[in-house]
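Each residue of the sequence shown is one higher than the one before, starting from 5 at the first, in the working numbering. Have a look at the structure below, then the notes.
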Amino acid sequence: MSDVPADLRYTDEHEWIRTGTDGTATVGITDHAQKALGDIVFFELPAVGRKVEAGESVGVVESVKAASDLFSPLAGEIVEANSDLVDEPESVNDMPYEMWLFRIRTKNGVSSNGLLDAKAYRKLIGE
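Printed below as a string of structure tokens:
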């Protein structure tokens, strides 16, 4: 059974979103996603300053099983990328909710539209 913290929001692309009090949101991949990918070996993360739309591909995650696009769940500007993942991409396998991918300053705040709460995400992944 996957870990699904109740204080986060989720996407159907298996990303989690933690909202900050400063107008930013932190984005990572879920426990379910890291388990499906297997051992993660590489991340290509978005550049700081890049402006993105919700649903836009912003990077890549590679594992021993596959390569998958990373999507921004929100529109806004990338304000930080987690450089620790360049040297230790496998840390996401151990700590998916601590090892975030990027932070984004949203255009219009973080709306729940299109995002799932923990209960809905559990239903999506069949748990």
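Yeah, the Cβ is synthetic: ideal placement off N, Cα and C, and Gly gets one too.
Opposing strand residues paired with I21 [DSSP bridges]: The residue you call residue 21 lines up with position 17 of the sequence shown. I21 is bridged to R13 and V31.
Residue closest to Y14, alpha-carbon to alpha-carbon, out of Y125, T25, F75 and N86: Along the sequence shown, read from residue 1 onward, the residue named residue 14 stands at position 10. Here the closest residue by C-alpha is Y125.
Are the beta-carbon atoms belonging to I82 and I108 less than 9 Å from one another? If you number the sequence shown from 1, residue 82 lands on position 78. If you number the sequence shown from 1, residue 108 lands on position 104. For I82 and I108, yes; Cβs fall inside 9 Å.
Residue of V96, D121, A58 and A51 minimising C-alpha distance to S67: Within the sequence shown, numbered from 1, the residue matching residue 67 stands at position 63. Checking every option, the nearest Cα to that of S67 belongs to V96.
If you count every other CB in all the chains shown that lies within 10 Å of the CB of G63, and 16 or more means buried, which is it? Here residue 63 refers to the residue found at position 59 of the sequence shown. Buried, since its Cβ has 16 or more Cβ neighbours within 10 Å.
Which residue from D7, K39, G24 and E17 puts its Cα closest to that of T110? Here residue 110 corresponds to residue number 106 of the sequence shown, with the count starting at 1. Of D7, K39, G24 and E17, the residue nearest in Cα terms is G24.
Report yes or no: do the stretch 68-78 and the stretch 39-55 share at least 3 C-beta pairs separated by less than 8 Å? yes
Would G32 and L78 be called neighbours here (beta carbons separated by less than 9 Å)? Start at 1 with the first residue of the sequence shown, and residue 32 comes out as number 28. Start at 1 with the first residue of the sequence shown, and residue 78 comes out as number 74. Not a contact, by the Cβ cut-off of 9 Å.
DSSP has D73 in a bridge; who is on the other side? Taking the first residue of the sequence shown as 1, we reach residue 73 at position 69. Answer by DSSP bridge pairing, in chain order: V64.
If we ignore side chains and look at the alpha-carbon of each, how far apart do E94 and G53 end up? Walking along the sequence shown from the start, residue 94 turns up at place 90. Walking along the sequence shown from the start, residue 53 turns up at place 49. Going from the Cα of E94 to the Cα of G53 covers about 26 Å.
So is N86 buried or exposed if we call it buried at 16+ other beta carbons inside 10 Å? Against the sequence shown, residue 86 aligns to sequence position 82. Buried.
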